[in-house]
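Accompanying notes for the structure given below.
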Amino acid sequence: IELLPESIKDILHKLDEATKGYDNHFLNIALAYGGQLELVDAVKKIGEKIKEGDLNVNDIDKKEIESNLYTSHLPQSSPDMILRTSGEKRLSGFLMWQSAYSELVFMDIFWPEFRKIDLMRAIRTFQERKRRMGK
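Right, here's the structure in full:
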């Protein structure tokens, strides 16, 4: 959030305050994020736990990895839907671990022009999908 202009920071703080009691739906916006760096940081944290004797290498599992990702503090770290604007049809390393079972929606609109109707279209696209969760 430090990278954003003050006017946007103020809006985000107000939005955060207004929705702090919500616990059903979540919107995450990633800025200056790199999925590969996130995985490198997670491996370093796990390596440090092993070095300190707090973790045995045989105890590394899915839960341990997830607890060391940037999204570990979120109520649901794996998004149901990932929306990519700009017309690009790729994730570019975005949420590499967390996106395993996410539904991907690609839109030919740039983020600054993104409107409520575009969000509604993305949600409708998501609702029409049959989620298989890896099956």
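Under my numbering, read the sequence shown as residues 19 to 153, first letter to last. Where a beta carbon is used, it is the ideal one built from N, C-alpha and C, also for glycine.
Asked, Found
"Bridge partners - I100, DSSP secondary structure assignment", "L122"
"Coarse secondary structure for R142, derived from DSSP in three states", "helix"
"Close beta carbons around R102, own chain, < 6 Å, minus the five adjacent residues each side", "F124"
"CA-to-CA distance, S110 to L87, given in whole angstroms", "17 Å"
"Cβ pair count under 8 Å reaching 3, the region 116-135 against the region 57-72", "no"
"Simplified DSSP state of A48, which is helix, strand or coil", "coil"
"For W115, the three-state DSSP class (helix, strand or coil)", "coil"
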